[in-house]
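Trainee: Starting off with a structure, shown below.
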Amino acid sequence: MALAPHRPKRVSAGIVTIVLSLLSIVLMTVWLLEGASGPLHKLRAGSMAVTAPIQQVGRFLGLPFNAANNATSNMTADPEDVAELRRRNEELQALVLLLKEHRLENERLKDLLRIVDAYNLAPCGARIISRTTDSWNRTVTIDKGSLDGITIGMPVVSANGLMGQIESVGPFSSTVRLLTDPRSGVAVYLQETRTEAVMSGSQEGLLYLSYISLDAPVNEGEAVITSGVGGVYPKGIVIGVVFSIFYNPTDMYKTVVVAPVEWVDYPIGEVSVLTGRQSEVTYKPPVSPSQEDQSTSTTSGLTGTTGEGS
Amino acid sequence: MSPKRDHSFNPGTPKQTHPGILALIGLLAVVLQLAIAPNIAIVSAVPNIIMIVTIIVALNNPATRSTIYGFILGFCYDLFSQGPIGVMALLLTVMSFALSAFNKDAFQSNWIIELFAVVIALLLGELLHGIILVVIGYDSNILYSLVFRSLPSAIYEAIVAVVVLVIRNYLNNRKVNNKPGGLTSRKNKQGRKGTLVKGRSIQRKIRF
Numbered sequence: 001m002a003l004a005p006h007r008p009k010r011v012s013a014g015i016v017t018i019v020l021s022l023l024s025i026v027l028m029t030v031w032l033l034e035g036a037s038g039p040l041h042k043l044r045a046g047s048m049a050v051t052a053p054i055q056q057v058g059r060f061l062g063l064p065f066n067a068a069n070n071a072t073s074n075m076t077a078d079p080e081d082v083a084e085l086r087r088r089n090e091e092l093q094a095l096v097l098l099l100k101e102h103r104l105e106n107e108r109l110k111d112l113l114r115i116v117d118a119y120n121l122a123p124c125g126a127r128i129i130s131r132t133t134d135s136w137n138r139t140v141t142i143d144k145g146s147l148d149g150i151t152i153g154m155p156v157v158s159a160n161g162l163m164g165q166i167e168s169v170g171p172f173s174s175t176v177r178l179l180t181d182p183r184s185g186v187a188v189y190l191q192e193t194r195t196e197a198v199m200s201g202s203q204e205g206l207l208y209l210s211y212i213s214l215d216a217p218v219n220e221g222e223a224v225i226t227s228g229v230g231g232v233y234p235k236g237i238v239i240g241v242v243f244s245i246f247y248n249p250t251d252m253y254k255t256v257v258v259a260p261v262e263w264v265d266y267p268i269g270e271v272s273v274l275t276g277r278q279s280e281v282t283y284k285p286p287v288s289p290s291q292e293d294q295s296t297s298t299t300s301g302l303t304g305t306t307g308e309g310s
Numbered sequence: 311m312s313p314k315r316d317h318s319f320n321p322g323t324p325k326q327t328h329p330g331i332l333a334l335i336g337l338l339a340v341v342l343q344l345a346i347a348p349n350i351a352i353v354s355a356v357p358n359i360i361m362i363v364t365i366i367v368a369l370n371n372p373a374t375r376s377t378i379y380g381f382i383l384g385f386c387y388d389l390f391s392q393g394p395i396g397v398m399a400l401l402l403t404v405m406s407f408a409l410s411a412f413n414k415d416a417f418q419s420n421w422i423i424e425l426f427a428v429v430i431a432l433l434l435g436e437l438l439h440g441i442i443l444v445v446i447g448y449d450s451n452i453l454y455s456l457v458f459r460s461l462p463s464a465i466y467e468a469i470v471a472v473v474v475l476v477i478r479n480y481l482n483n484r485k486v487n488n489k490p491g492g493l494t495s496r497k498n499k500q501g502r503k504g505t506l507v508k509g510r511s512i513q514r515k516i517r518f
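Sequence lines, in order, name chains A and B.
Following the working numbering from start to finish, the first sequence increments by one per residue and tops out at 310.
Following the working numbering from start to finish, the second sequence increments by one per residue and tops out at 518.
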């Protein structure tokens, strides 16, 4: 009896599709249910070690695109706008000098009153190496990771203000979720009216203030600053200014749009990660008059000559 | 006797692509997605190069291979992006299966039909992606998701896909014509003078 030739069994494409689809659904479910320390989140963090060098190369490849974009923007700029910007630049330079003086005075007074900063924040400089690789998230990748002491949740600031928060960390790189992402939220207050609110991003890339009741005072142009409530972001970081306010009498809350001080949607360049622990609140014990006498005798006085001017 | 010129656009690869070449294309797609796509983003629309490649591969390969290929590339996309893991893997698996089930009859005969299919598949793919993200609670507003994310991305990807397909067909045509018996082969140089000009003009009409 002759044996039939052995032919490998072919798996039906339909069965393969069903199996892989089920596997995808399982992966999706696990990802949604697990925490940040789950296996899939760890896998993603680990994969950043592989993607970071590719993204570094991409940063250099993207330089011509950025240069072309900048050149186009500069060429199409209105001369009146340029003149206005120059005038504002001069005003701001004067304001910076004034604020610097106020800061020094503030430090002297704090020293006198023994106020200790609640946030023991140490900035860690980093460079943006890539923007988001998909349309659904507003994130950037920076070139500092867990080996540099970066952990999930740390706030990230640029030269002009708050930019976002660390979302995932690899050994050599980290992903920052920008404020304009719909999943971002920051507790803030308005500088002049002291009205508190929650600021969040949106699909269309704008920043909105939520939960401002109709009778709460809000002025256009006033600064929006982090309030420190919630413990994620430190207090006092500038985000932007109130751009527009609109509401209907039937609404419960006002709709307030915030213009960021820096266009945080697609930033490029350098940023700082605030690596200090927010929970490290330190209290200085009150100083007795005898101790104070001793300390004043060892220093050259309390009138601002203790080196803060440097 | 002048050689016969194939006026129809070569739709690419009627036979299935070699696994090694598929792996190389996949690797290239992932690298391009990571390194180039963020730099050529227009506002919030980042082209999904992995989806484009998966769709084109699915149209030219058998169902089983295309489905596995779609799953692997989708998983890579999920892993390297910031969204939930598994969404793109599911989407590309199902899309690859559906597209490769159709390809045998329709798409291999005419490149314009193939192009049309790719554009439709990209639109559907991006819309489904948005819907899945809203259903699982990753995004809240379906209208905003579709208007501000899905649609701009799909249009951008369709433009990129058109460019990719035109280049691929141009390269395939050159390859066919350079083969022995092809128009630009040495044997047929005599015939080239008499027929090529006319042939080109006809071909241009077909192309564009």
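No residue lacks a Cβ here, since even glycine has one placed at the ideal position from N, Cα and C.
In the structure shown, what three-state DSSP assignment does G185(A) receive?
Mentor: Taking the first sequence and counting its residues from 1, one reaches residue 185(A) at position 185. Strand, per DSSP.
Trainee: Where does A87(A) land, buried or exposed, given buried means 16+ other C-beta within 10 angstroms?
Mentor: Indexing the first sequence from 1 puts residue 87(A) at position 87. As written in the sequence, residue 87(A) is Arg, which differs from the Ala given in the question. Under this definition R87(A) is an exposed residue.
Trainee: Using 10 angstroms around the beta-carbon of H439(B), count the other beta-carbons present and answer buried if the total reaches 16, otherwise exposed.
Mentor: Along the second sequence, read from residue 1 onward, the residue named residue 439(B) stands at position 129. Classification for H439(B): buried.
Trainee: CA-CA distance, V258(A) and V271(A)?
Mentor: Position 258 of the first sequence holds residue 258(A). Position 271 of the first sequence holds residue 271(A). Straight-line Cα distance between these residues: approximately 21 angstroms.
Trainee: Once you ignore the five residues that flank G304(A) on each side, which residues in its own chain have a CB closer than 7 angstroms to its CB?
Mentor: Looking up residue 304(A) in the first sequence gives position 304. Any reading at G304(A) must be qualified, since the residue scores a pLDDT of 35, below 50, and its modelled position is unreliable; no value is offered.
Trainee: Distance cutoff 8 angstroms, beta carbons only. Does Q165(A) sit that close to anything in chain B?
Mentor: To locate residue 165(A), count along the first sequence from 1; it is residue 165. It does not: the Cβ of Q165(A) has no partner Cβ on chain B nearer than 8 angstroms.
Trainee: Exposed or buried, which one is F246(A) when buried takes at least 16 other CB atoms within 10 Å?
Mentor: Residue numbering aside, residue 246(A) sits at position 246 when the first sequence is read from its first letter. The residue is exposed, with fewer than 16 neighbouring Cβ atoms inside 10 Å.
Trainee: Is there contact here, the stretch 425-442 of chain B with the stretch 378-387 of chain B, by at least three beta-carbon pairs under 8 angstroms?
Mentor: The stretch 425-442 of chain B is not in contact with the stretch 378-387 of chain B.
Trainee: Taking L433(B) and A464(B) to be in contact with their CB atoms under 8 angstroms, please state how far apart those CB atoms are, rounded to whole angstroms.
Mentor: In the second sequence, counting from the first residue as 1, residue 433(B) sits at position 123. In the second sequence, counting from the first residue as 1, residue 464(B) sits at position 154. Going by Cβ atoms, the distance from L433(B) to A464(B) rounds to 5 angstroms, so yes, they are a contact pair.
Trainee: One question on the structure: do A187(A) and G230(A) come within less than 8 angstroms of each other, judged by their Cβ atoms?
Mentor: The residue you call residue 187(A) lines up with position 187 of the first sequence. The residue you call residue 230(A) lines up with position 230 of the first sequence. Yes, these two residues count as a Cβ contact at 8 angstroms.
Trainee: Report the option in R194(A), I15(A), M28(A), G153(A) whose CA atom is closest to the CA atom of T226(A).
Mentor: Along the first sequence, one-based indexing puts residue 226(A) at 226. Of the candidates R194(A), I15(A), M28(A), G153(A), the one whose C-alpha sits nearest the C-alpha of T226(A) is R194(A).
Trainee: DSSP three-state label for G236(A), please.
Mentor: Taking the first sequence and counting its residues from 1, one reaches residue 236(A) at position 236. G236(A): coil per DSSP, three-state reduction.
Trainee: For chain B, is any of its Cβ atoms less than 8 angstroms away from the one on I25(A)?
Mentor: As a working note, residue 25(A) is residue 25 in the first sequence. True, the Cβ-Cβ gap to chain B drops below 8 angstroms.
Trainee: Excluding the five sequence neighbours on either side, which residues of its own chain have a C-beta within less than 6 angstroms of the C-beta of A13(A), listed in chain order?
Mentor: Counted from its first residue, the first sequence places residue 13(A) at position 13. Closer than 6 angstroms at the Cβ level, and outside the excluded window around A13(A), lies no residue.
Trainee: May I ask you to report which of helix, strand or coil DSSP gives T76(A)?
Mentor: Translated into the one-based positions of the first sequence, residue 76(A) becomes position 76. Correct three-state label for T76(A): coil.
Trainee: Per the DSSP calculation, G170(A) is bridged to which residue(s)?
Mentor: Along the first sequence, one-based indexing puts residue 170(A) at 170. Paired residue(s): none; G170(A) is not in a bridge.
Trainee: Kindly indicate which residue of S460(B), N349(B), V404(B) has the alpha-carbon position closest to the one of G62(A).
Mentor: Working through the first sequence from its first residue, we reach residue 62(A) at position 62. Per the Cα distances, N349(B).
Trainee: Against chain A, with Cβ distances strictly below 8 angstroms, would A368(B) count as a contact?
Mentor: Counted from its first residue, the second sequence places residue 368(B) at position 58. Chain A, which has no Cβ nearer than 8 angstroms to the Cβ of A368(B), makes this no.
Trainee: With a threshold of 8 angstroms between beta carbons, is R478(B) in contact with chain A?
Mentor: Start at 1 with the first residue of the second sequence, and residue 478(B) comes out as number 168. For R478(B), the answer is no, since every Cβ of chain A falls outside 8 angstroms of its Cβ.
Trainee: Along the stretch 55-72 of chain A, where does the CB come closer than 7 angstroms to a CB of chain B? Name the residues.
Mentor: Against chain B - using a Cβ distance shorter than 7 angstroms - the residues of the stretch 55-72 of chain A are Q55, V57, G58, L61, G62, F65.
Trainee: As an exercise, report each continuous alpha helix (DSSP H) stretch of at least 4 residues that is fully enclosed by the stretch 344-379 of chain B, in chain order.
Mentor: As far as the stretch 344-379 of chain B is concerned, its whole alpha helix (DSSP H) runs of at least 4 residues are 359-369.
Trainee: So is G568(B) in contact with chain A if we call contact Cβ pairs under 8 angstroms?
Mentor: The first residue shown for chain B is 311 and the last is 518, placing residue 568(B) beyond what the model contains.
Trainee: Do you know offhand how far L481(B)'s Cα is from A339(B)'s?
Mentor: Mapped onto the second sequence, residue 481(B) falls at position 171. Mapped onto the second sequence, residue 339(B) falls at position 29. If you take the alpha carbons of L481(B) and A339(B), they lie about 18 angstroms apart.
Trainee: Hey, L178(A) and I239(A): beta-carbon distance below 8 angstroms or not?
Mentor: Here residue 178(A) is taken as the residue at index 178 of the first sequence, counted from 1. Here residue 239(A) is taken as the residue at index 239 of the first sequence, counted from 1. No, the pair does not count as a contact, with Cβ atoms beyond the cut-off.
Trainee: Put P155(A) into one of helix, strand or coil per three-state DSSP.
Mentor: Translated into positions along the first sequence, residue 155(A) becomes position 155. P155(A): strand per DSSP, three-state reduction.
Trainee: Work out the CA separation of D134(A) and P392(B) for me, nearest whole Å.
Mentor: Your numbering for residue 392(B) matches position 82 in the second sequence. Your numbering for residue 134(A) matches position 134 in the first sequence. Sequence check: residue 392(B) is Gln here, not Pro. One C-alpha to the other measures close to 8 angstroms.
Trainee: Taking C-alpha atoms, which residue in D251(A), V157(A), V140(A), R131(A) lies nearest to C124(A)?
Mentor: As a working mapping, residue 124(A) is identified with position 124 in the first sequence. Nearest option by C-alpha distance: V157(A).
Trainee: Could you give the residue range of the alpha helix (DSSP H) that holds A13(A)?
Mentor: Along the first sequence, read from residue 1 onward, the residue named residue 13(A) stands at position 13. 13-33 is the extent of the alpha helix (DSSP H) around A13(A).
Trainee: Quick one, are the C-beta atoms of P53(A) and P155(A) less than 8 angstroms apart?
Mentor: Start at 1 with the first residue of the first sequence, and residue 53(A) comes out as number 53. Start at 1 with the first residue of the first sequence, and residue 155(A) comes out as number 155. In this structure, P155(A) does not lie closer than 8 angstroms to P53(A) by Cβ.
Trainee: Report the three-state DSSP secondary structure of P217(A) (helix, strand or coil).
Mentor: For the purposes of this step, residue 217(A) is identified with residue 217 of the first sequence, where counting begins at 1. DSSP places P217(A) in coil when its eight states are reduced to three.
Trainee: Enumerate in chain order the residues of its own chain whose CB-to-CB distance from G330(B) is below 7 angstroms, with the five nearest sequence positions on each side excluded.
Mentor: To locate residue 330(B), count along the second sequence from 1; it is residue 20. So no residue of the chain qualifies.
Trainee: Would you mind working out which of E436(B), Y454(B), I360(B), V353(B) sits nearest A345(B), comparing C-alpha positions?
Mentor: Indexing the second sequence from 1 puts residue 345(B) at position 35. Considering only alpha carbons, the answer is I360(B).
Trainee: Is there a Cβ from chain A that is less than 8 angstroms from the Cβ of R484(B)?
Mentor: Translated into the one-based positions of the second sequence, residue 484(B) becomes position 174. No, R484(B) lies away from the interface with chain A (no Cβ there is under 8 angstroms from its Cβ).
Trainee: Assuming I142(A) contacts A159(A) (C-beta within less than 8 angstroms), just tell me the rounded distance between them.
Mentor: For the purposes of this step, residue 142(A) is taken as residue 142 along the first sequence, with counting starting at 1. For the purposes of this step, residue 159(A) is taken as residue 159 along the first sequence, with counting starting at 1. In fact, because the Cβ distance is near 15 angstroms, the residues do not count as touching under 8 angstroms.
Trainee: Please report the straight-line C-alpha distance between S244(A) and L206(A), rounded to a whole angstrom.
Mentor: Position 244 of the first sequence holds residue 244(A). Position 206 of the first sequence holds residue 206(A). Distance between the alpha carbons of S244(A) and L206(A) is about 11 angstroms.
Trainee: With H, G and I counted as helix, E and B as strand and the rest as coil, what does DSSP make of V261(A)?
Mentor: Position 261 of the first sequence, counted from the first residue, corresponds to residue 261(A). In this structure, V261(A) counts as coil in the three-state DSSP scheme.
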